[in-house]
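What follows is one structure encoded as structure tokens, with my remarks underneath.
Protein chains: 2
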Amino acid sequence: MFEKERLGEYEIKNLKELSRYAKGDIIKMTTLAGTGHPGGSMSSLDIYLVVFFFAKLLDEPQDRVVVSHGHTSPGVYASLARLGYLPLHDVIAFFRKAGSPFEGHVVKGTPFINWSTGNLGQGLSAGCGFALGAKLHDEDSHVYVLMSDGEQQKGQIGEARRFAKKFGLSNITAVIDYNHIQISGNIEKVMPQNIIENYLSDGWDVIEVNGHDHNELYKAMKKAREVDNPVCIIANTIIGNGVGFMENTEKYHGNPLNQAEYKQAIEILDLEDDLEFYKERRKGACAWRPSPTIKEEIIDGGEPFTYRDEDKVDNRTAFGKALKDLGDKNISKGQLVCAFDCDLASSVKTSDFAKAFPEYFFQSGIQEHNTATIAGAVSTTGILTFFADFGVFGIDETYNQHRLNDINKTNLKLVTTHLGLDVGPDGKTHQCTDYIGLTSNLYNFKVIIPCDPNQTDRAVRYAAKGKGNFLIGTGRNRWPILYREDSKPLFGEGYSFEYGKMDIVKEGQDGAIITYGGMVTRAIKIAYEFEKKGVSLAVVNMSCVRAPDDEVLGQLVKLPFVCTYEDHNINTGIGPFIAQQLLTRRYKGRMESFGVKGYGPSGETDEVMAAEGLDVDSMVKVLSGMLKRKKSRKK
Amino acid sequence: MFEKERLGEYEIKNLKELSRYAKGDIIKMTTLAGTGHPGGSMSSLDIYLVVFFFAKLLDEPQDRVVVSHGHTSPGVYASLARLGYLPLHDVIAFFRKAGSPFEGHVVKGTPFINWSTGNLGQGLSAGCGFALGAKLHDEDSHVYVLMSDGEQQKGQIGEARRFAKKFGLSNITAVIDYNHIQISGNIEKVMPQNIIENYLSDGWDVIEVNGHDHNELYKAMKKAREVDNPVCIIANTIIGNGVGFMENTEKYHGNPLNQAEYKQAIEILDLEDDLEFYKERRKGACAWRPSPTIKEEIIDGGEPFTYRDEDKVDNRTAFGKALKDLGDKNISKGQLVCAFDCDLASSVKTSDFAKAFPEYFFQSGIQEHNTATIAGAVSTTGILTFFADFGVFGIDETYNQHRLNDINKTNLKLVTTHLGLDVGPDGKTHQCTDYIGLTSNLYNFKVIIPCDPNQTDRAVRYAAKGKGNFLIGTGRNRWPILYREDSKPLFGEGYSFEYGKMDIVKEGQDGAIITYGGMVTRAIKIAYEFEKKGVSLAVVNMSCVRAPDDEVLGQLVKLPFVCTYEDHNINTGIGPFIAQQLLTRRYKGRMESFGVKGYGPSGETDEVMAAEGLDVDSMVKVLSGMLKRKKSRKK
């Protein structure tokens, strides 16, 4: 902990020795692996040593560390090993070996490492998330975000600065390893930037120190904890510090030393050459494993709300009401719930929650990249976390932030509205016709597109109680309530949402339309048009758009005709997925796909649907041709 | 043109009258459509009038305009109409009607509108692209980027500022409509920001004016043209300007006036209420059409290079050499070629081009969002434009920027390297296993993943000569050259790349492996293992991963077994696509997919492939089971 005013002579001497040894470790592990980033690891090393030595990492509430420039992992591993938190021999031997926990970029679960990084510019946002989580839990703890200078070029960092300032995150300290070298050379040549002025312009405090002087680093970090403002420490460093020929050159940014260079460096550092020992050890396997912790939540899902058409509730509003209800049910019991918005609360319907729980609603401005990462980080701190946005911003603009969330196995509940052509008059740039196509790439996301307000209510509560990342998607328009034959809401009493279940909302023997979301009601209309013609089409609601339901697929495969019908890019929606499912089941019938084939016009949804041939009339026409031909063939 | 020192009395009076009329137009079109953003349109209006009146828009070389806050389209349409560039009655009548060119967000091809916008924060980057294009063409022209204040929160704008400063884009003027209101209210509350300090910190000049004083706007814009630095004009404005009850409230940011409010506003503006006329006209269709211009290039594709294994060239290097050759062949003839890099030139192999043509190589730093948009914009100015990056940055991080490029029908040649698990020891955050899954959502992108250096060379030249957006993807490792039976390179002499063609690189009758990129060589090895067992497997190279080749598919559909095999997310690669193609062709055999099922470890590619069960040995084992069972069934 940062208690005394300055370091004692012994501590300084000790840190210097640790630094010398750790430099050797960095060089050994990168040369042994034949890959890695020794230069930056050596310039960041003294920062790591001071943070890992003095931050409150063992007692609860722990300080948290995010190493944003994850490629300096050798520096992280070496300093943690030299401080006794990692097995030194394994760290050196197994760096960047497949299956080893000592990956090329730092991985969450390594002691005190709270976020897997590797794509630059996202670490400060993650740090803001942890700092906010700590504030919400009323924890007396601090967050350290360690960054490179080159990554300051990323715009997301400016967004994070503004967020930290707005929400008074004085419990965050950023430390920048200012070694002036990025892969392509001097940062002043690669992309000139006034880093200090940038931080000051966003209202942060800045402290400048010698980043290889442990005492200066210590004093700056101590001061940063005391200042009632987010603080950025500019640590002036030297890339390759400690080994003359490695200093101030980009050559060793991303390249390890060769054997001759290695020997020379070890001699300069006055260390033992034991590379053979590690080479031998590397043939085995590393036993040590990281243990990431995600704080578990205990969520009261509440009692579902059931709507009828006369309630005039759309899916967005159903989400908003469920969110508010989850707040009501949980926050008073101490299970925190929060929601993030990017200047669209009134459209994505988080306003009711915001009014009821202003302290748990975070208006993050038009800064989607930052917000996606912050929400992901907060969701790992035991707080039920929603991020609601339009599809094009919450998914398209922030895809890579969610990919990093996915890698970090966050617990985020992402809700996107205004999906598909259903967005209406906003036009092309606002048409998110790729929400399935994109999120299908995220290995740990569950995607649900409910078809009416009642299913939305239940899906939201399901996702709230479920572990891991969920996307719940809706359109802009009000979609009708689905009713049972007894006029009670189909997804009302007696229904409970189950992930992976397809709903047969209309039976049929001559074929089936598989669909979801706002197209379900259209599909039912289409099917009833065919009833008049004596053709019986089933309608299947596939709200879990990437989950095969064996039971229903087993029935579908017996039908002579199956089509998919969606307000989504035809190439990347459920069409190819269902085709694959049917082919695997040796389907013998005919399959067709209907979906969006290009950017649509700007107009009311029904007009836009008609322009794309996806309205009920167009569909009846085109299906008539297909089903007629099929019938006549049979004769 | 900005020639005289200040505006005359008559001009000022004229502009004031135009402004009054245009405000009425804005109110009429939004009320009639029942949707749209009148408030910001009215605060931006006087800026639009001054720019469209005085900028050099009719003579070559034209000044260019980017309206970044595209939702103020009513202001753009009204001012262009009042200045005689658009048909006034149609503008009012057909705003936001499906099929009309007067879309909710401005669309490229509207007079003087050079970029379709709607997702905030990208306009300054597009403007930088046009300003750079003009500089490269040695044009005496200027670029105006008109923005909102709220969107200044987006980090990409900071990236664009730094780019403009670095490359001395003194031919760009940004004008910010500083009305202090965004959708959720006062911008100082939504997300406090020091806009002026932000611009100054990045080295721009700032001029502050009254944004409703045409003379002040004129003088500031004139000065901005003269200053040898990028200039930002802060135009202090009032949202809803001119109609008292609309001023300084967020209510009319995204909502039109209702009938009563409309009548009141028209009275305040002292204009005629002719809404009925437009209501009637709206029943028809708009004849006027935008005419976007993309400058055509005349590319000399050069003579392809042919490599043999002993040349030790990987696909990345083959790209780099082809790029350099395209520079050699074209630049001297006046057909410009340029390349953008985000601090990875030595890895993505644009270094040779950079050395040969430093004035056409743009080191853009770690600012991928900005770079993707700039490259897109430059590609529409008659310059052959390459943007090369790692997959996770060039695709995943910048997906939405490319979506906007796609909407803008740019002519970008995107080259991404280090795709798939082939990236090796960099680990999860650097594994781009979604390059097909993502780009398949872009309606106007062609995607090519060549399988060896010779095919890469030819694909690069093909894309260079082809119109529109291309993605060419490669891995990190050196993939072997494919040879014909006569030992000549398969993709050497006599081969020409043709988009959409599958290559049968090995014949076989018992089944086929469809694959691409670095897996082709592995597939051939697998097939030869099976030859030893008496099973004859064909290997098909599908370098155009989203294009069906009817001829080859027609042959495949006759085989008893087909599998896809890819270094890509199994859910979103060619697997489901091929399944759909086979199902449509009534395939009766068995189909299986092999691909990446989760984030892989950090290690050498072969180790990582083995860990994921995608190496040759694992594949032979699992396929043996399948093919054995199939054979025994036959008996």
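Protein chains in written order, with the working numbering: chain H, 1 to 635; chain P, 636 to 1270. Yeah, the Cβ is synthetic: ideal placement off N, Cα and C, and Gly gets one too.
Which same chain residues end up closer than 8 Å to residue i when comparing Cβ atoms and leaving out the 5 residues on each side of it in sequence?
{"i": "H:Q259", "result": "T31"}
{"i": "P:G1298", "result": "Outside the displayed range of chain P (636 to 1270) lies residue 1298 of chain P, so it cannot be described from this structure."}
On a CA-only basis, which of the options is nearest residue i? Give me that one, please.
{"i": "H:M1", "options": "H:L86, H:L414, H:G36 and H:D140", "result": "H:D140"}
{"i": "H:T293", "options": "H:G118, H:N444 and H:F112", "result": "H:F112"}
{"i": "H:F54", "options": "H:E359, H:K4, H:V545 and H:E612", "result": "H:K4"}
{"i": "H:E60", "options": "H:C286, H:G129, H:K13 and H:A134", "result": "H:A134"}
{"i": "P:S836", "options": "P:P865, P:S999, P:S819 and P:K854", "result": "P:P865"}
{"i": "H:G468", "options": "H:I407, H:F497 and H:R522", "result": "H:I407"}
{"i": "H:A512", "options": "H:K409, H:P560 and H:G437", "result": "H:P560"}
{"i": "P:A870", "options": "P:S967, P:I682, P:K1136 and P:D935", "result": "P:I682"}
{"i": "H:T417", "options": "H:T350, H:T373, H:Y443 and H:Y360", "result": "H:T350"}
{"i": "P:D935", "options": "P:Y942, P:K947 and P:L958", "result": "P:L958"}
{"i": "H:S379", "options": "H:D422, H:N14, H:W115 and H:L86", "result": "H:W115"}
State yes or no: is the beta carbon of residue i nearer than 9 Å to at least one beta carbon in chain H?
{"i": "P:N649", "result": "no"}
{"i": "P:S1237", "result": "yes"}
{"i": "P:V726", "result": "no"}
{"i": "P:L1262", "result": "no"}
{"i": "P:R1268", "result": "Any reading at P:R1268 is ruled out, since the residue's pLDDT is 46, under 50, leaving its predicted position unreliable."}
{"i": "P:Y913", "result": "no"}
{"i": "P:N1005", "result": "yes"}
{"i": "P:S981", "result": "yes"}
{"i": "P:Y897", "result": "no"}
{"i": "P:S836", "result": "yes"}
{"i": "P:K800", "result": "yes"}
Please check if any C-beta of chain P sits within less than 9 Å of the C-beta of residue i.
{"i": "H:R96", "result": "yes"}
{"i": "H:P576", "result": "yes"}
{"i": "H:S79", "result": "no"}
{"i": "H:S364", "result": "yes"}
Return the chain-ordered list of same chain residues with a C-beta closer than 6 Å to the C-beta of residue i, the five sequence neighbours on each side being excluded.
{"i": "H:T439", "result": "F445, V447 and L471"}
{"i": "H:V616", "result": "R522, K525 and I526"}
{"i": "H:N376", "result": "The amino acid occupying residue 376 of chain H in the given sequence is Gly; Asn does not appear at that position. Once the five neighbours on either side are set aside, the close Cβ partners of H:G376 are N405, T410 and L412."}
{"i": "P:E1119", "result": "It is Arg, not Glu, that sits at residue 1119 of chain P in the sequence shown. Cβ neighbours of P:R1119 beyond the five flanking positions: L1125."}
Taking the Cβ atom as the reference point for each residue, do residue i and residue j lie within a distance shorter than 9 Å?
{"i": "H:V608", "j": "H:T433", "result": "no"}
{"i": "H:G70", "j": "H:T117", "result": "yes"}
{"i": "H:L336", "j": "H:L384", "result": "yes"}
{"i": "P:M1261", "j": "P:I1209", "result": "no"}
{"i": "P:E882", "j": "P:I874", "result": "yes"}
{"i": "H:F254", "j": "P:N1076", "result": "Per the sequence presented here, residue 254 of chain H reads as Gly, with Phe not at that position. Result no, Cβ atoms of H:G254 and P:N1076 do not sit closer than 9 Å."}
{"i": "H:T110", "j": "H:V76", "result": "yes"}
{"i": "H:C544", "j": "H:M502", "result": "yes"}
{"i": "P:D1061", "j": "H:Y399", "result": "no"}
Give me, in chain order, the residues of the same chain whose beta-carbon lies closer than 7 Å to that of residue i; leave out the 5 immediate sequence neighbours on both sides.
{"i": "P:K1270", "result": "Reliability fails at P:K1270, whose pLDDT of 41 lies under 50, so the model's placement of it is uncertain and no value is given."}
{"i": "H:S79", "result": "A22, L45, Y48, L49 and F52"}
{"i": "H:K219", "result": "R6"}
{"i": "H:C128", "result": "A160, F163, A164, L169, I172 and I374"}
{"i": "H:T72", "result": "H37, G40, S41 and S44"}
Taking a cut of 8 Å between CB atoms, which residues from the region 755-767 of chain P lie near chain H? L755 and G756
Residues of the region 813-827 of chain P with Cβ closer than 7 Å to any Cβ of chain H, in chain order: Residues Q817, I818, S819, V825, M826 and P827.
Residues of the region 511-540 of chain H whose Cβ lies closer than 7 Å to any Cβ of chain P, in chain order: none
Taking a Cβ distance cut-off of 7 Å, strictly less, list which residues of the region 103-116 of chain H are near chain P, in chain order. E103, G104, H105 and S116
Residues in the region 377-393 of chain H having any Cβ partner in chain P nearer than 8 Å: Result list: V392 and F393.
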